[in-house]
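Residue numbers (this note's numbering): 47 to 664.
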């Protein structure tokens with residue numbers, strides 16, 4: 047005796063070895079023995095043989111018309127396979143015919159709903175039509191997906207993908223057929239999503255891929271400002287006094303957001319007055335205005351080689367930037383300084399200045415440096431003022447306990463990108479220009495932070511203790527700078543916390559109610575969000591600088607490069623702000639100069655392969 051039974055959702059046959067009433071020992075066609083429950087048995091038969099039984103049943107299934115079979119069923123009536131086989135064949139069905147009908151019923155759940163062991167019910171017409179429509183929709187989707195995969199693996203971008211490229215790259219909906227097709231094509235070609243789309247021409251350049259990824263995530267509405275964002279109040283310059291000073295700024299050649307300028311005015315008995323003049327956009331940006339909200343969303347200007355995303359609209363920047371030969375509104379901090387460079391008095395003013403000159407690093411550094419200071423050369427613009435500021439800066443470094451800090455062995459890098467050609471320049475950190483500007487900014491931020499604290503006004507402070515930098519609404523020492531408190535106030539066009547602090551300072555100087563208290567949601571939210579945004583923007587800048595370093599290696603056709611070991615297998619390439627891992631690097635002491643072979647530069651992954659060749663003889 048043989049049985050036709052159900053197991054794991056499918057049908058099988060076997061010969062009975064032992065019948066234990068509730069269970070059976072059976073032997074399958076290929077000799078495998080197993081134990082099944084008696085309840086799983088649907089049919090018992092003597093003939094044909096096991097192999098022929100399934101073969102004949104399948105032949106009948108192939109000839110059955112599922113639509114006709116469904117029409118044979120009475121609506122809302124349950125039935126067994128034997129019942130339907132009797133109705134369909136018009137005679138007492140054989141076990142093979144019953145099995146064939148059961149196999150068809152089981153394989154068409156859209157037509158026949160299972161209601162229990164061996165029992166079924168025909169799907170209602172409306173449900174069947176809906177299910178068939180859904181099945182057809184899935185079939186068409188599968189065909190479309192297969193077509194997409196075929197095109198993608200041939201490195202052709204389907205037309206339907208063109209408006210979806212950014213979504214597929216940066217925020218894919220993994221339930222769409224486009225994503226499923228892309229994923230299948232990636233598996234077939236062994237390429238990542240961005241690399242495959244680049245091969246299909248969907249990514250014009252690796253630079254665009256990285257830049258657009260950042261914009262897509264952090265500027266979902268784009269980097270352009272809403273036309274209503276520039277609703278600032280143009281400061282009437284005639285309403286503010288004009289300072290009787292000759293002011294100049296010191297900035298990089300590419301700087302357009304000039305936040306600070308300086309002046310030096312002689313006083314009696316060898317003393318003099320230093321003016322630190324900070325652009326004052328807080329005079330025209332009303333808290334809560336559209337422009338203020340736009341700045342609060344951006345929180346900072348974003349920098350990357352060859353480009354930037356400004357915190358404020360260009361129209362606002364041009365109104366407040368301290369450009370030369372123009373009158374500009376400023377918040378000024380004046381320092382009366384004795385002939386021994388001791389600060390005897392400080393005071394602040396809201397005023398305007400006439401900026402005489404915008405000095406630029408590339409020109410000024412050739413004139414104002416250690417050599418010209420040592421030789422007392424004074425044959426360049428603002429030489430005497432810069433010499434006084436240099437001596438003052440040295441005194442301030444000493445008072446902060448930082449005169450022994452040496453940055454002369456550290457290098458800063460600047461990137462100039464012109465028509466996709468990149469130039470990378472090294473600049474030694476700690477030059478007199480850097481130290482003068484740095485000391486004046488540290489003094490201003492520390493002094494203004496002290497004034498806010500002494501007046502009991504809220505401000506946003508940066509502090510450092512035990513190596514950790516944090517922001518808070520309470521003044522605390524900044525150990526790294528050696529000051530008792532430090533409130534960023536010197537870059538209000540580029541950092542939102544500086545704009546907030548400037549508003550508080552303007553209220554203090556003008557003796558008007560401050561816009562913020564320590565309990566103001568606006569100042570708390572801005573402080574929290576700024577830390578996150580500033581870190582994110584800095585990481586993005588480092589990533590884009592890494593990209594341009596790799597571009598430079600390709601551009602200059604560099605295959606052999608010098609590097610210095612930082613630790614373990616981490617090295618820094620010479621002339622570039624680029625650190626990489628070199629798996630083949632032997633155990634060498636930090637600081638060891640090595641020669642590397644460069645290959646396989648990948649601009650999408652921002653990676654390269656570097657192989658150790660030798661220790662450097664230089």
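C-beta: ideal position from N, C-alpha, C; glycine also.
Relative to residue 616, the option among 623, 627, 638 whose CA is nearest is 627.
Your pair residue 639 and residue 613 does not check out as a contact, with CB atoms roughly 15 Å apart and the cut at 8 Å. Around the Cβ of residue 398, a 10 Å sphere holds 16 or more other Cβ atoms; the residue is buried. Under the criterion of beta carbons closer than 8 Å, residue 643 and residue 659 qualify as touching, at roughly 5 Å. By the Cβ-count criterion, residue 497 is buried, with 16 or more other Cβ atoms from all chains shown falling within 10 Å of its own Cβ. A contact between stretches requires three or more CB pairs, one per stretch, nearer than 8 Å, and the region 107-119 fails this requirement with the region 188-197. By the Cβ-count criterion, residue 569 is buried, with 16 or more other Cβ atoms from all chains shown falling within 10 Å of its own Cβ.
For residue 586, the uninterrupted alpha helix (DSSP H) run begins and ends at 567-601, by DSSP. Taking all protein chains in view, the Cβ of residue 118 is surrounded by fewer than 16 other Cβ atoms within 10 Å, so the residue is classified as exposed. A contact is defined here as three or more CB-CB pairs under 8 Å, and the region 289-307 fails this definition with respect to the region 507-519. No Cβ-Cβ contact shorter than 7 Å links residue 320 with residue 490.
Contact check between the region 295-307 and the region 357-376: three or more CB pairs, one atom from each, fall below 8 Å, which counts as touching. Sequence-distant partners of residue 478 (beyond 5 residues in either direction) whose C-beta falls short of 7 Å from its own C-beta, in its chain, are 414, 415, 416, 419, 436.
Per the Cβ contact rule, the region 587-595 is in contact with the region 337-354 (3 or more Cβ pairs under 8 Å). In this structure, DSSP gives residue 448 a state outside helix and strand, which the three-state scheme calls coil.
For residue 131, same chain residues with a beta-carbon under 7 Å away, outside a window of 5 residues either side, are 139, 143, 144, 147 in chain order. Residues 81, 82, 83, 84 of the same chain have their beta carbon placed closer than 8 Å to that of residue 69, with the five preceding and five following residues left out of the count. About 12 Å separates the beta carbons of residue 549 and residue 341, which is beyond the 8 Å limit, so they are not a contact pair. The straight-line gap separating the alpha-carbon atoms of residue 381 and residue 309 is approximately 10 Å. A direct Cα-Cα distance of roughly 21 Å separates residue 222 from residue 245. Within the same chain, and ignoring the five residues on either side of residue 610 in sequence, the residues whose Cβ sits closer than 8 Å to its Cβ are 617, 618, 620, 637, 638, 639, 640. According to the DSSP assignment, residue 157 belongs to no alpha helix (DSSP H), since it is labelled neither H nor E.
If you ignore the 5 residues before and after residue 596, its C-beta comes within less than 7 Å of the C-beta of 647, 649, 652, 654, all in its own chain and listed in chain order.
The DSSP assignment places 542-556 as complete runs of the alpha helix (DSSP H) inside the region 498-568, in order along the chain (cut-off: 4 residues). Per DSSP, the unbroken beta strand (DSSP E) holding residue 374 starts and ends at 372-383.
For residue 560, the closest C-alpha among the options 608, 332, 461, 602 is that of 332. For residue 392, there is no enclosing alpha helix (DSSP H); the residue is part of the beta strand (DSSP E) that begins and ends at 389-406.
In this chain, residue 149 is not harboured by any beta strand (DSSP E); it is covered by the alpha helix (DSSP H) spanning 141-153. For the set 48, 396, 578, the Cα lying nearest the Cα of residue 343 is the one of 578. With fewer than 16 other CB atoms across the displayed protein chains lying within 10 angstroms of its CB, residue 372 is exposed. When the five nearest sequence neighbours on each side are left out, the beta carbons in the same chain lying within less than 8 Å of the beta carbon of residue 94 are those of 102, 142, in order along the chain. Under the three-state reduction of DSSP, residue 95 is assigned to coil, being neither helix nor strand. For residue 631, the CB contacts under 6 Å within the same chain, skipping 5 residues up- and downstream, are 615, 658 in chain order. Within the region 190-234, the runs of alpha helix (DSSP H) at least 4 residues long that lie entirely inside it are, in chain order, 211-216.
For residue 324 and residue 542, the gap between their C-alpha atoms comes out near 14 Å.
In the DSSP assignment, the residues bridged to residue 471 are 460.
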